[in-house]
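Colleague: Here it is, the structure in full.
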Amino acid sequence: MKRENLMAAVKEQMPERRWQHTLGVMETSVILAERFGGDTVKADLAAILHDYCKYWAVEEQAKIIRDNDLPKDLLAFDKELWHSHAGAFIAKTQFGIEDEEVLDAIRYHTSGREQMTLLDKIVCLADYMEPGRDFPGVEHIRELAKISLERALVAGFDSTINFLISKGKRIYPLTILTRNDLLEQIQ
Ligand code: DGI
Ligand code: FE
Ligand code: FE
Ligand code: FE
Numbered sequence: 211m212k213r214e215n216l217m218a219a220v221k222e223q224m225p226e227r228r229w230q231h232t233l234g235v236m237e238t239s240v241i242l243a244e245r246f247g248g249d250t251v252k253a254d255l256a257a258i259l260h261d262y263c264k265y266w267a268v269e270e271q272a273k274i275i276r277d278n279d280l281p282k283d284l285l286a287f288d289k290e291l292w293h294s295h296a297g298a299f300i301a302k303t304q305f306g307i308e309d310e311e312v313l314d315a316i317r318y319h320t321s322g323r324e325q326m327t328l329l330d331k332i333v334c335l336a337d338y339m340e341p342g343r344d345f346p347g348v349e350h351i352r353e354l355a356k357i358s359l360e361r362a363l364v365a366g367f368d369s370t371i372n373f374l375i376s377k378g379k380r381i382y383p384l385t386i387l388t389r390n391d392l393l394e395q396i397q
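Positions in the sequence shown are counted from 1; adding 210 to them yields this note's numbering.
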């Protein structure tokens, strides 16, 4: 599918503000790919699709996880973790994307994972710091992103983990493993 048609398909799945977020993640992913030597075309493609399923009914997202070979443990954690795996599944089955690097960047953009690829890091960080984001600490993340993907990502995951703790929510163990792994990469 041509890029413009793909973008139109994505735009239809979400409210306008989330589409603006997607445009921001696309722009920031490409900037980060240029800055850190990543593949700008793959970064753009993963960014376009990363939140495809975000506004789907949670039951539909859960069904995709249940009926296919996706991690069932996700279902015991926050529903916000589901759209990334559902999105990678749809990218493959509905849009014919075969590139595993692109699919992984979509799949792990929320939780992260150990040994994140350069593309995983770029999309996950762009999701945290695109121009429309304004949570406390985002400016610090943008500053860190000028020098280190890993340092900026740790700051991002710190903020997510603190947020989850403040809400009394459970944390998906892979997010903790991701943060530990990134800290190990920094030192
Ligand atoms: O889809 P976005 O809003 O652009 O961002 P995202 O896909 O990174 O989702 C972030 C949300 O996921 C954020 O509100 C926190 C929530 N969440 C719930 N449990 C976890 C989690 N995020 C992570 N990384 N780990 C969790 O265990
Ligand atoms: Fe997302
Ligand atoms: Fe994120
Ligand atoms: Fe996003």
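We put the CB at the ideal spot given by N, CA and C, even for glycine. Please read these numbers as outputs of a predicted model, since none were measured by experiment.
Kindly indicate which three-state DSSP category K264 falls into: helix, strand or coil?
Modeller: coil
Colleague: Could you have a look at H295 and say whether DSSP puts it in helix, strand or coil?
Modeller: helix
Colleague: Hey, quick one: how far does the alpha helix (DSSP H) through Q304 stretch, first residue to last?
Modeller: Careful: Q304 lies outside any alpha helix (DSSP H) and carries neither H nor E.
Colleague: Output the boundary residues of the alpha helix (DSSP H) element that contains I332.
Modeller: 328-339
Colleague: Is S358 helix, strand or coil when you go by DSSP?
Modeller: coil
Colleague: State yes or no: is the C-beta of T232 within less than 7 angstroms of the C-beta of D261?
Modeller: yes
Colleague: So, is R361 buried or exposed, given that buried needs 16 or more other C-beta atoms within 10 angstroms?
Modeller: buried
Colleague: Secondary structure at D254, three-state DSSP: helix, strand or coil?
Modeller: helix
Colleague: By the DSSP assignment, the alpha helix (DSSP H) with N390 in it spans what residues?
Modeller: 383-396
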